[in-house]
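K.L.:
Here it is: the structure, laid out below.
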Amino acid sequence: MINAVPHKRATQFGPCTDYGVPPPVSTVTINPDPPTAGASLSINVSGTAASPINQGVIISVAFLDANYNLLGTASIQDFCSQAGISCPVAAGASFTVPTITTTAPPTINPGTILGINIGDPSGNTNPVQCAMAHL
Numbered sequence: 001m002i003n004a005v006p007h008k009r010a011t012q013f014g015p016c017t018d019y020g021v022p023p024p025v026s027t028v029t030i031n032p033d034p035p036t037a038g039a040s041l042s043i044n045v046s047g048t049a050a051s052p053i054n055q056g057v058i059i060s061v062a063f064l065d066a067n068y069n070l071l072g073t074a075s076i077q078d079f080c081s082q083a084g085i086s087c088p089v090a091a092g093a094s095f096t097v098p099t100i101t102t103t104a105p106p107t108i109n110p111g112t113i114l115g116i117n118i119g120d121p122s123g124n125t126n127p128v129q130c131a132m133a134h135l
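The sequence shown lines up with residues 1 to 135 when you count with UniProt numbering.
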């Protein structure tokens, strides 16, 4: 038996739409693609900093419902303490975050959103980088 979704394309990540001026989109790949409800999910994120990324910035991964309510618990990590990243990351410099592993929510309904955000943990400013996908 083959366990695949016919004609399923890779999950497409685009700009986060809930900010006045969307920040640049990071490159995101996930495995498995599409995510499996309740299972482990590996996420790879890379990009080019449009503005400096300074100490204290976090990277968060969250599943949201269609109304932007958090599903489960967000994965939040200090961006600058990731292996291979040295802060500040200068504007125009490339970065690659080591694989982030999280768990998908027990149910993934149509309209579920997977968001990846690199920014100020206070949430008082727009993120430095952001990407989201509708699953």
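Think of the CB as a built atom: it goes at the ideal place given N, C-alpha and C, for glycine as much as any other residue.
Are the CB atoms of residue 113 and residue 60 within a distance shorter than 9 Å?
P.N.:
Taking the sequence shown and counting its residues from 1, one reaches residue 60 at position 60. Taking the sequence shown and counting its residues from 1, one reaches residue 113 at position 113. No, Cβ-Cβ distance for residue 60 and residue 113 is not below 9 Å.
K.L.:
Taking only three categories from DSSP, how would you classify residue 13?
P.N.:
For the purposes of this step, residue 13 is taken as residue 13 along the sequence shown, with counting starting at 1. Three-state DSSP puts residue 13 in coil, outside helix and strand.
K.L.:
Reducing DSSP to helix, strand and coil, say where residue 80 ends up.
P.N.:
Start at 1 with the first residue of the sequence shown, and residue 80 comes out as number 80. Correct three-state label for residue 80: helix.
K.L.:
Let's test the definition: count the other Cβ atoms within 10 Å of the Cβ of residue 35 and tell me whether it reaches 16, buried, or not, exposed.
P.N.:
To locate residue 35, count along the sequence shown from 1; it is residue 35. The residue in question, residue 35, is buried, as its Cβ has 16 or more Cβ neighbours within 10 Å.
K.L.:
Can you look up residue 97 in the DSSP assignment and give me helix, strand or coil?
P.N.:
Locating residue 97 in the sequence shown gives position 97, counting from the first residue. Strand, per DSSP.
K.L.:
Looking only at DSSP bridge pairs, what is residue 29 linked to?
P.N.:
By one-based count along the sequence shown, residue 29 stands at place 29. Per DSSP, 44.
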